[in-house]
Amino acid sequence: MDSGEGAVRGVFTCELCELSSPYTFYGQKPPNTRGIVLLEECYGMRDPFSPEKEKFLVLGSKCCLCNKIVCVGTECSLFYTKRFCLPCVREHLHQFPEQIQTELAKKKPTQKS
Amino acid sequence: MSGRRAEPRDWDWNSPRCRAELDHIFFRQHDYIRANSPEHAEFWTFFERFQRFRAKRELSGSSSSRGRAEPQDGKARNRSGTGGPDLGLPKEYDARYRISVSVCSRDVEDGFGSSGHRRSGGESSGPGREQVSECRLALLHFLDFAQKQSFSKVLKLRREQRNLPIFQYRERLVELVRRNPVVVVAGDTGCGKSTQAPQYLLGSGFSNIACTQPRRIACISLAKRVSFETLNQFGSKVGYQIRFETSRTPSTKLLFLTEGLLLRQIQQDAALSQYQVLIVDEVHERHLHCDFLLGVLRSLIARRPDLRLVLMSATINIKLFSGYFNHAPVLQVPGRLFPIQVIYQPIPPEEQVSKSEKLDPRPYLRVLQGIDQRYPAEERGDLLLFLSGVAEISTIMEACQTYATHTNRWIVLPLHSTLSLTQQDKVFDIAPPGVRKCIISTNIAETSVTIDGVRFVVDSGKVKEMSFDPKAKMQRLQEFWISRASSEQRKGRAGRTGPGVCYRLYAESDYEAFAPYPVPEIHRVALDSLVLQMKSMGLGDPLSFAFIDPPPTSSIQTAVTYLKEQGALEARGELTPIGTLLSQLPVDVVIGKMLVLGSLFSLVEPVLTIAAALSVQSPFLRSAQHNPDCSTARQPLNSDLGDPFTLLNTFNAWVQVKGERGGGSRKWCKRRGLEEQRLYEMANLRRQFKELLRSHGLLETEEPPAPSAQGRTERRERLTERSRLYQLKREHELQDGGRRKVLRLDEGQEEESCSGSDNEGSGSGKKDKNSMGRDVDIQEVKFKLRHNVTKLQEAAYVSADLSSRQLALLRLVLCRGLYPQLALPDEHNSTRKDSEQVFHTRNKQGVMIHPTSVFAIDPEVLHVSENETGEFGADRGESNRHQLLAFVTLLETNKPYVSSCVRVPALQALILVANSVDSNADCTRLVVDGWLELCVSDGEAALRALSSALKLRAEWERLLQAQLGHTGSGSTAGLGFSGPKPGRRELEKLAEGLVRFLVYNEVTYSLRRLTALQTQNLYIGPQLNPELSLPPLFPGMKAEPDPVKGGLRVTSYFTYNCLCDSKDLYSECLRTFWSCPHCDLHMPLTPLERMQHEATCRSAEEQQPEDDPTDDSPQAASTSALTRLYHCDLCNKDLTLTSTQILKHKRQHQP
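Printed below as a string of structure tokens:
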């Protein structure tokens, strides 16, 4: 591995959409960064589209309700003070503010299994 | 940005000062985003948008009672919700709750309110608490936005990967490779095999994977794509390696490289232990290297059971590959092509033309018209038209262009490898709405160049293909019907981006009659380099090598014979020291020879340039030839010595321009109609040659300059410059590809017409759109990174400033390198038109000079003009100025053409380089290589010339062998041949001798080609006369009766008195009195005895002891070499004598 790239710690796979990618850190502190704290325990890697080594990319984390590992894609999860996978959001939809409810309602027809 | 909030009175978000103050809080040196970085600039742009957005929202939000008023509702509803745990979500919606990042900035570190405190301090009204939190909010949104952006790229990438047909076969492929040493993956265009298969293997734990490609450019673009797809764009896990460039590092796990390069690596390490998996892509293309590689790998697999081999092919002839590897399992993957409608439109007989005529454009125009009628202009889709060659392209282009101008619905663009790269690049640009591109291409667009957006394909069904005629030693570019496989490939070009149509300008029955596959390259080309490489890899007899599809035996035999003639193989077919060296050089044997020969004399710099220039495509654009401005601008570069010298001048002049004006060279090239890319390639190749020569000990290693204060400053400057250049290169690499520009309607019209012969060089000018950056002259940057321009300039000075003597020697070196590629001007050329000059080679009569050659423009320099012919022999064509052409290529298109020619003095060059020189008894008649006859009326002069040539050749050979023998370090020959390196004095003396021989020849002679009848009765044949077996004549050489030709074989190349017209077989009678100019010998001698005396009798000057300390060859050795043990049968004594002394001794016994 290139220096600074960080060793691959494993392969992150979203349990909903099966998106997978190797990840190089897990936690709230992306490596080589100062002043950045993540508000959840994340799977992340170096931002593959940036030439700078310390730029990071969060791939996903665990749903705070069901503990499923999900990616941060809008089809799979959302963050609202905590990470929720969409199935859990739907289950507790009434507890979410209206903005999110309408957002999800819009999404439904196009949603893939 | 309105005053909706309480801002400090002098606070202005747009003021740089205010922003700078926030920068001190959020964008410090060690923060995630640093002030003055690109992201920092992006942030402030984002910030402005963000504020505008919020302002707008606030306006609409307050009027529509959303936003602040709402949460109460939400809260109420939350409460009324049924069951489930309380998630503890905030009651009021705020977009910031959706951001999962927090930032610790200076104000946080310092403790809240510090900034506010500072502000109350009075002097500076810095940002207030509100400004800080506003900026923080924007920053959080910015970071979130950046995350979303990157993540959606990953998502899109993964989706595309999953949609590829091969994705379904991922696990199966990995499983097959795990279980089998060889696997064949067969999949058609668009199935994703080239990009995905290596990734699947990499992802499932295989490492050290090499993937070969037939084209260099594919290595680069695949490495780029795969590293992007594996999210390793900025790492070096995935790399490429091509001839002059590599991105490989020790951490590279997947390497794309050319077939040729992998073969070179096998030459270094036969076990290829650095790789675990080898993927050979595009095996169906059947390139020479690929076929050979497969053969080598087949035997390697047996020796390395851990090695995995994956062959990837289109679904063509899969059985062949599977069968060759012991019925390896095949994984067949469907391609992803849209349906293509095939329309057969055979050309009606009245529109068909004979070979010599121009193509009739009507069938092609009909297709264009048909498209215009049938498909609305709004429906996009371009047309790709396949023709066989450049002349055909320009004919059809002309007609299509007229039609395009008339309709305004087409932009006509040519595509072939002799176009400039900028011209070629145009085919990737986009036509304006309502207009289609009509790309008229050679078969370069069949595999090498892929153009998206093609909906219509017109297939002429023809291709021009190179073949090799071993009898005439000539390449031939001929037109053929294509194969069914090619036909399908061309058709497929219409269905890459949507459903398409393919018009075939031949009948379905023609299609059925096509050969199933194209003829593999190994059956079409000269195998010299291949055989040489096989020899150096120790693969035994090339005839018994198990090729997948063995080339004709005669083809291999021709190559072996040729290599023997060239001195690369000895009689038993083993490599000679020079052969070993040549096998390491990635060039034609003749070019390799030039390099080796040039390194002997101090001609390295010009020879390096010439060898490089002759190994790349010509930098002179054909299209510019008819442009008078270009011709005028080129004029000073032309050399009447020959094309290699024009190339040398051009390169040198370019390097000077580079040194003086840097980027200005682009314009300089344009004015002269030069393709600068070729000059860059020459510079790279030149450097590679230099390194190769150095590593073989043929070139002194450069001494590092003594460290001086000045040197240090220079070095530092150079380092600074280099890091600046690296920065530029990096920036260029980050610019993702080039944006395609929109073509103008008149784009095609400025096209220069291209006429002349067609030459679609295989393996040249191959590229795809990824390679063509614009704007930054990245080539200039790379050039400066790779080369020390000052050094190159010095080298250019050296070779631009050659004396006429050095030039003479250089021509001889080129001639010896190119030998036996010689052409004789026809004797009647001076009475012919310039364009009708005729030449003859040994195996081919009546060849022409290629119109690009300097001798086509100025053939007079080759004529023997009237006043130059000797006073007495004018009518017999006698002169001392006869010349020959040494040429690089002989290619037959519509006529046989020689190109890249050098002129050399005939007699001198022939007796110095030819493999066979035969003479009559008094050496007034010489026959060279059995086809050229030289008649000298002055026997004395003939003898003098022959004798000194023999001496010079022997010395040249000796020094060359010494030089080669000295190359122990790099070569693996190990022939125990490690004499002393030739001394500088010796070499200078030899050079001096050669030049004198070349320049001051006063021998008048006639020169002609022998007729077939004359060649039949050329030799007297073996004689039974014991008198002829004279004692050995030259020290270390034996003159024996030649068993075939008759006469006496004096050296390996010179046979004396074997020509049929010999006046007397008993040459003793030819004794005439002669006095040696060097010693006091005066006696009647035969020509042979005289030569032999001259060879051993050194001039007084030469006999002086050599006290030059730089000369490391001991003088004792050279004198002792002259004497040898002689046993006289008559007096029965053993004597140690020189040859002259032996002669004298023998004379004693005669009555």
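Here the protein sequences line up with chains A and B, keeping their order.
Using numbering that gives the first Met the number 0, read the first sequence as starting at 0 and increasing by one per residue.
Using numbering that gives the first Met the number 0, read the second sequence as starting at 0 and increasing by one per residue.
Where a beta carbon is used, it is the ideal one built from N, C-alpha and C, also for glycine.
Exercise for review: Assign residue 1151/B to one of two classes, buried (16 or more other C-beta atoms within 10 Å of its C-beta) or exposed (fewer than that).
Suggested key: Outside the modelled stretch of chain B, which goes from 0 to 1150, sits residue 1151/B, for which no answer is possible.
Point to revise | Proximity below 7 Å, CB of residue 44/A to CB of residue 73/A | key: no
Check your understanding: Can you find a C-beta in chain B that's less than 7 Å from the C-beta of residue 38/A?
Key -> yes
Review point. Any idea if residue 141/B is buried or exposed, counting beta-carbon neighbours within 10 angstroms, 16 or more meaning buried?
Key: buried
Practice item. Counting only the same chain and skipping the five closest in sequence on each side, list residues whose C-beta sits under 7 Å from that of residue 38/A. Key: none
Review point. Would you call the segment 429-437 of chain B and the segment 377-389 of chain B touching, i.e. three or more CB-CB distances under 8 Å?
Key: yes
Exercise for review: Mark residue 766/B as exposed unless 16 or more other C-beta atoms lie within 10 angstroms of its C-beta, in which case mark it buried.
Suggested key: Residue placement at residue 766/B is flagged as unreliable, the pLDDT there being 40, under the threshold of 50; the coordinate-derived value follows with that caveat. Buried, since its Cβ has 16 or more Cβ neighbours within 10 Å.
**Study point:** Residues that DSSP places opposite residue 1073/B in a beta bridge
**Key:** 1082/B
Review point. What does DSSP give as the partner residues of residue 212/B in its beta bridges?
Key: 257/B
Exercise for review: Take residue 164/B and list the residues in its own chain whose beta-carbon comes closer than 8 Å to its own, dropping the five residues that flank it on each side.
Suggested key: 186, 189, 190, 191, 332, 333, 334 and 335
Point to revise | Beta-ladder partner(s) of residue 437/B, from DSSP | key: 382/B and 411/B
Review point. By the criterion of Cβ-Cβ separation under 8 Å, what are the contact partners of residue 153/B in chain A?
Key: 18, 20, 47, 56 and 58
Check your understanding: Going along the chain, which residues of its own chain have a beta-carbon closer than 7 Å to the beta-carbon of residue 32/A, five neighbours each way excluded?
Key -> 53 and 55
Exercise for review: Output yes or no for whether 7 Å exceeds the beta carbon distance between residue 933/B and residue 1004/B.
Suggested key: yes
Review point. Shorter than 7 Å from the beta carbon of residue 96/A to some beta carbon of chain B?
Key: yes
Point to revise | Which of helix, strand or coil DSSP assigns to residue 1039/B | key: strand
Review point. Short check: CB of residue 860/B to CB of residue 639/B, under 7 Å?
Key: yes
Review point. If you check the beta carbons only, do residue 521/B and residue 290/B fall under 7 Å apart?
Key: yes
Exercise for review: Starting from the Cα of residue 479/B, find the closest Cα among 510/B, 502/B and 452/B and give me that residue.
Suggested key: 510/B
Point to revise | Contact residues within the segment 6-40 of chain B, judged by C-beta distance below 7 Å to chain A | key: 29, 30 and 31
Point to revise | Opposing strand residues paired with residue 1020/B [DSSP bridges] | key: According to DSSP, residue 1020/B bridges with nothing at all.
Practice item. Please confirm if residue 86/A has its CB atom under 7 Å from at least one CB of chain B. Key: no
Review point. Using 7 Å as the limit for Cβ to Cβ distance, is residue 1155/B near chain A?
Key: Because residue 1155/B is not part of the residues shown, which for chain B are 0 to 1150, the question remains open.
**Study point:** 6 Å Cβ shell around residue 557/B - same chain, five flanking residues per side excluded
**Key:** 469
Exercise for review: Give a yes or no on whether 7 Å exceeds the smallest Cβ distance from residue 92/B to chain A.
Suggested key: yes
Point to revise | residue 77/B at chain A interface by Cβ criterion, 7 Å | key: Per-residue confidence for residue 77/B stands at a pLDDT of 46, beneath the threshold of 50, marking its modelled position as unreliable; the derived number appears in the next sentence. Yes, its Cβ sits closer than 7 Å to a Cβ of chain A.
Review point. Quick one: Cα of residue 154/B to Cα of residue 414/B, how far?
Key: 37 Å
Check your understanding: Just how far apart, CA to CA, sit residue 373/B and residue 406/B?
Key -> 15 Å
**Study point:** N-terminal and C-terminal residue of the beta strand (DSSP E) that residue 63/A is part of
**Key:** Careful: residue 63/A lies outside any beta strand (DSSP E) and carries neither H nor E.
**Study point:** Start-to-end residues for the beta strand (DSSP E) that takes in residue 839/B
**Key:** 838-840
Review point. Any beta-carbon of chain A closer than 7 Å to the one on residue 226/B?
Key: no
Review point. Any chance the segment 717-726 of chain B sits against the segment 777-790 of chain B, with 3 or more Cβ pairs inside 8 Å?
Key: yes
Check your understanding: Between residue 253/B and residue 208/B, is the Cβ-Cβ spacing less than 7 Å?
Key -> yes
Practice item. Identify which residue in 135/B, 152/B and 745/B has its Cα closest to the Cα of residue 47/A. Key: 152/B
Review point. DSSP three-state call for residue 73/B: helix, strand or coil?
Key: Summary for residue 73/B: the model assigns pLDDT 43, below 50, so the residue's position carries little reliability; its value from the coordinates is reported in the next sentence. Residue 73/B falls in the helix class under three-state DSSP.
**Study point:** Residue from 745/B, 90/B and 1089/B with nearest C-alpha to residue 430/B
**Key:** 745/B
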